[in-house]
Amino acid sequence: MRRFVPTLKAAAVAAVLALAPVAFDQGARAAEGGPESGHDVIKIPNTDFSFDGIFGTFDRASAQRGFQVYKEVCAACHSMRHLSYRHLTGIGLTPAQVQALASQFQVQDGPNDNGEMFERPARPSDHFRRPFANDAAARAANNGALPPDLSVMVKAREGGADYLHALLVGYSDPPEGITIAEGMHYNKYFPGHQIAMAPPLNTDGQVTYVDGTNATVDQMATDIATFLAWAAEPELEQRRAMGVRMIIFLTILAGLAYAVKRKVWSDLH
Amino acid sequence: MADSHHETNEHNDVRRLHDSKVANPLLRWIDQRMPVISMIQLEYGSFPTPRNFNYFWNFGALAMVTLAIMIATGVVLSMQYAAHTMLAFDSVERIMRDVNYGWLLRYAHANGASMFFIVTYIHMWRSLHYGSYKSPRELLWMLGVVLFILMMATAFMGYVLPWGQMSFWGATVITNLFSALPVVGQSIVTWLWGGFSVDNPTLNRFFSLHYLLPFVIVGVTFLHVVALHITGSNNPLGIEPKTKQDTIPFHPYYTMKDSFGIVVFLIVYAVLVFFMPNYLGHPDNYIPANPLVTPAHIVPEWYFLPFYAILRAVPDKLGGVVLMGGALVILFFLPWLDSSPVRSMRFRPITRWLFLLWTVNFFVLGYVGGKPAEQPYILIAQISTAYYFAYFLVILPFLSKFERPLPLPESIAHAVLSRRGGGPLPAGATAKPMEKA
Amino acid sequence: MADVLASPPKTSPAEPGPHHADPAHGEGPVRRDFLKLATGAFTAVGVGVMAWPFIHSMNPSQDVLALASTDVELGPIAVGQAVTVMWRGKPVFVRRRTPQEIQEARAVPVGELPDPATDQSRVKPGKDEWLIVIGICTHLGCVPLGQKPTDARGDYGGWFCPCHGSHYDTSGRVRRGPAPLNLALPDYSFTSDTRVRVG
């Protein structure tokens, strides 16, 4: 029995190690939707995504459809300035497809020998084309509201992909007694419920998917959330795979190190 | 030159050389001239160490490992990072996307900061619980407090570097603490900023200092270890080793025990880095800094929350700053505030419970530090802050005078061997009270 | 695992020390040695594997590897003229050679060159007048002179490196001086008669 005491102690220390930040963090996290936010807290419904869980991976087809939604709907207002066309190989496009896709877009280059900026077809190495030249232009075109960049949106919002999905399907008429400011829209899941963005996905079939998937609003919302989740964390699959190997390796090493420790200490007991 | 002169010289040379016992001729040649190998053998090989450490004594080694990981990852990250307000956020995203294994290095560095604080907090708790700060280890403890403050400064400036919303507003709020100082406050803040708001000059100096301070930490850590190796380690019983039976050589006993602890620590660290890398971070820091919009909830990183709670417990600006500073400064005086000759809480029946309450209280402070500044959290923070200080200023100085400590064991070996000897002999059943330290 | 972890028969050393483990003393120490060896090997592998991300992070990143190729408009370049364009942070020399320069380059017996190469092998077939080379001296990396009409072009009418006096001919081949190799050729292709894409 006594021989297990060190094991138990080690387990206890490991538990403390693991739980201390979690315990602290609950405080910080609880503050997120605290009562001071001046509106009731709406629980964000959980969407089943392909990349949920420890072994989840991005559904390539869904992410590609999501890119199509981005390209045809979101890209009118939202930039994704941290992504380049070449990154799209990460959702399963071949380099040739990326090349063909990039050349559909005109990007600014220059200055040329005459000192002038000019437009040319994009190359895979170019960043995604931006809808507006700068933030001021974006505000001017959007009633004073700045459409945020979507590159890391999933990491930049509490709730991540679940929140984005909920937001995109969360538009409705305002409930009784709530007046919506001029140019604003009611959304159940947006903090404060008044969002400047008009419902971007409002009719089934708004996008005609190249792979023939039925483009319901919910489907489009799931696809764009998947695409944006990939865009925010393109390393996710590699990271998890590496993590699993790492932890198996370290667990074996821990066993070995513990055995050595016990051997070494055995002549003291 | 005369032969005799030459001889004298050689004689002097031999006398000046270190008397090395290293077997390998090349290593001995080096060791005679620069006895680092002898030093390592002495300080980490045969160094007599109390035989009764529990796993709480792993955390000093863990802190050293974490420091090494932080410096290693930090050095390569700084090769890719651009310290400019226009580029910082983008350069971090480039690290995450385009630099080979950049995501791994950045997540290891960001979560390494959290691991560093977990380890250091446990290390400090160990000192408090087993009285490691007491004579003759006062300076050792004070150097530890210096290290803790240096860590806080380094972590704070590191958090500013990605130039997200929390970076910017954290920097603004924390630097503004200095504006509470009378008369010179605003000038100091302007000086810290290098301008009239947190901006590019601020980011640049924070980057410079964030690179510098870790090496200051290495230096102070060296002094911390020097001080430790003069007094020797404390131990869970809090009594000094008396005979050889009480100690064992550091190697292989504690090197192996530390190695095992390090691997367990790495497992926890790996879970954080590979499966929940952003769990301890704040989503708002993935929004680029915007000097015109403050996020709805400014929350510091979790490891600052207890002190943040103390800051907010006082409605007065200067008062809050002084109290928060005081919560750290008071630690320097701890060796003299605690007047009990008994080190380990195991033998202080009343203080032990009040200390455990202090521990819970510290978690409570952390909890309310993450809550909005409104009732009932302010009241809880005020009560907790009062207890935080009362423990140091009232309980330790005065209770020690009245508390009757439990009898101390005769020696470490006696306590250890009687426990292992089979019978349910309570530790120290036959012991005399410890002599005044 | 349980077997490995099981306590061996207890011995009671009078004074334990690092040298207590004597390999001659039965199977306990032997097993300890094996365990230590295995643990040491595991640790070495782990440290080695973890060193790789640190090293690899200093290799060219994905954005650098994907760096745009450079398009060069050839139309404005007159016979005898040269332009310099940037490609992967390096100068690329594009020279429209005169018939005389081509002839000079082809008249040299290849065997006499320090780095033998025919002029034909250094240009695209049918595009004899366009010589495109990386403008980095193969000695120690300086940029040779010879692009501007006023530059010294060295004794062979091509380029001259002012750092250590290497002379290149009108085919970009080293003729004299410390440079060991001819000026390197970048990957390039003609996308039309008047356009070249380098890279």
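Note that the protein sequences, when read in sequence, are chains A, B and C.
Counting in my numbering, the first sequence runs from 1 upward without gaps.
Counting in my numbering, the second sequence runs from 1001 upward without gaps.
Counting in my numbering, the third sequence runs from 2001 upward without gaps.
Positions of the beta carbon are idealized from the N, C-alpha and C atoms, including for glycine.
In three-state DSSP terms, what is residue i?
i: Gly2118 (chain C); result: First, the amino acid is wrong: residue 2118 (chain C) is Thr here, not Gly. Correct three-state label for Thr2118 (chain C): coil.
i: Ile1239 (chain B); result: coil
i: Met1434 (chain B); result: Low per-residue confidence applies at Met1434 (chain B): pLDDT is 42, beneath 50, and the placement is therefore not dependable, though the value from the model is reported in the following sentence. Correct three-state label for Met1434 (chain B): coil.
i: Ala30 (chain A); result: Because Ala30 (chain A) sits at a pLDDT of 44, beneath the cut-off of 50, its placement in the model cannot be relied upon, and the point is left open.
i: Met1034 (chain B); result: coil
i: Ala2184 (chain C); result: coil
i: Ala1309 (chain B); result: helix
i: Pro2013 (chain C); result: Any reading at Pro2013 (chain C) is ruled out, since the residue's pLDDT is 41, under 50, leaving its predicted position unreliable.
i: Thr2191 (chain C); result: strand
i: Arg1051 (chain B); result: coil
i: Gln194 (chain A); result: strand
i: His2025 (chain C); result: Any reading at His2025 (chain C) must be qualified, since the residue scores a pLDDT of 45, below 50, and its modelled position is unreliable; the value itself is stated next. Coil.
i: Phe2093 (chain C); result: strand
i: His1109 (chain B); result: helix
i: Asn134 (chain A); result: coil
i: Leu2145 (chain C); result: strand
i: Pro35 (chain A); result: Only weak support is given to the placement of Pro35 (chain A): the predicted model assigns it a pLDDT of 39, under 50, and the value that follows is read from those uncertain coordinates. Of the three classes helix, strand and coil, the one that applies to Pro35 (chain A) here is helix, per DSSP.
i: Tyr209 (chain A); result: coil
i: Pro1025 (chain B); result: helix
i: Arg129 (chain A); result: coil
i: Pro2053 (chain C); result: helix
i: Pro1409 (chain B); result: coil
i: Pro121 (chain A); result: strand
i: Phe1392 (chain B); result: helix
i: His2020 (chain C); result: Bear in mind that the predicted position of His2020 (chain C) carries a pLDDT of just 44, short of 50, making it unreliable; the figure below should be weighed with that in mind. It is coil, neither helix nor strand.
i: His1123 (chain B); result: helix
List, in order along the chain, the chain A residues whose C-beta lies closer than 8 Å to that of residue i?
i: Ala2038 (chain C); result: Leu256
If you measure between the beta carbons of residue i and residue j, is that distance less than 8 Å?
i: Tyr1211 (chain B); j: Ser1078 (chain B); result: yes
i: Leu88 (chain A); j: Val98 (chain A); result: yes
i: Gly1232 (chain B); j: Ala1061 (chain B); result: no
i: Ser2166 (chain C); j: Gly2157 (chain C); result: no
i: Pro2053 (chain C); j: Leu1104 (chain B); result: yes
i: Thr226 (chain A); j: Ser62 (chain A); result: yes
i: Pro2186 (chain C); j: Val2064 (chain C); result: no
i: Arg130 (chain A); j: Arg81 (chain A); result: yes
i: Tyr1308 (chain B); j: Pro1300 (chain B); result: yes
i: Leu150 (chain A); j: Ala231 (chain A); result: yes
i: Pro1236 (chain B); j: Ser1344 (chain B); result: yes
i: Tyr1269 (chain B); j: Asn1054 (chain B); result: no
i: Leu1365 (chain B); j: Tyr1388 (chain B); result: yes
i: Ala2179 (chain C); j: Thr2150 (chain C); result: no
i: Gln1080 (chain B); j: Val1065 (chain B); result: no
Along chain C, in chain order, which residues have C-beta atoms closer than 8 Å to that of residue i?
i: Asn1235 (chain B); result: What Asn1235 (chain B) touches in chain C: nothing, since even the nearest Cβ is about 17 Å away.
i: Arg86 (chain A); result: Gln2062, Ala2066
i: Met1079 (chain B); result: Ser2057, Met2058
i: Arg1094 (chain B); result: Ser2061, Asp2063
What residues of chain A sit near residue i, judged by a beta carbon separation below 9 Å?
i: Phe1053 (chain B); result: Chain A residues near Phe1053 (chain B): none, gap ~11 Å exceeds 9 Å.
Which partner residues of residue i appear in the DSSP bridge assignment?
i: Tyr2168 (chain C); result: C:Trp2159, C:Val2174
i: Leu2131 (chain C); result: C:Arg2095
i: Thr2084 (chain C); result: C:Phe2093
i: Phe1210 (chain B); result: First, the amino acid is wrong: residue 1210 (chain B) is His here, not Phe. According to DSSP, which records beta bridges pairwise, His1210 (chain B) is partnered with nothing at all.
i: Asp2071 (chain C); result: C:Arg2197
Would you mind telling me which residues of chain C sit closer than 7 Å to residue i, beta carbon to beta carbon, in chain order?
i: Val945 (chain B); result: Residue 945 (chain B) falls outside the range modelled here, since chain B spans only 1001 to 1437, and no answer is possible.
i: Val107 (chain A); result: What Val107 (chain A) touches in chain C: nothing, since even the nearest Cβ is about 11 Å away.
Compute the minimum distance between the beta carbon of residue i and the heavy atoms of the ligand FAD, and state whether it is under 7 Å.
i: His2164 (chain C); result: By its list of ligands, the structure shown contains no ligand whatsoever, and the ligand FAD lies outside what it can speak to.
Determine the chain B residues that contact residue i at a beta-carbon separation under 7 Å, and present them in chain order.
i: Ala243 (chain A); result: For clarity, residue 243 (chain A) is Gly in the given sequence; the question names Ala instead. Correct list: Ala1270, Phe1274, Phe1275.
Can you pull the chain B residues whose beta carbon is under 9 Å from the beta carbon of residue i, in chain order?
i: Pro2186 (chain C); result: What Pro2186 (chain C) touches in chain B: nothing, since even the nearest Cβ is about 23 Å away.
i: Phe2054 (chain C); result: Ala1072, Thr1073, Val1075, Val1076, Tyr1101, Leu1105
Could you tell me whether any Cβ in chain E is nearer than 8 Å to the Cβ of residue i?
i: Pro2144 (chain C); result: As a matter of chain content, chain E is missing from the structure shown, whose protein chains are A, B and C.
What alpha helix (DSSP H) runs, 4 residues minimum, are completely inside the segment 1133-1203 of chain B? 1138-1160, 1165-1176, 1185-1193
Taking only runs that begin and end inside the segment 62-119 of chain A, name each unbroken alpha helix (DSSP H) of 4 or more residues, in chain order. Listed in chain order, the complete alpha helix (DSSP H) runs (minimum 4 residues) inside the segment 62-119 of chain A are 95-102.
Runs of alpha helix (DSSP H) wholly within the segment 1309-1366 of chain B (minimum 4 residues, chain order): 1317-1337
Runs of alpha helix (DSSP H) lying entirely within the segment 211-256 of chain A, each at least 4 residues, in chain order: 217-232
Restricting to runs no shorter than 4 residues, where is the alpha helix (DSSP H) found entirely within the segment 1232-1311 of chain B? 1255-1275
Hey, which unbroken runs of the alpha helix (DSSP H) at 4 residues or more fall wholly within the segment 155-191 of chain A? 160-169
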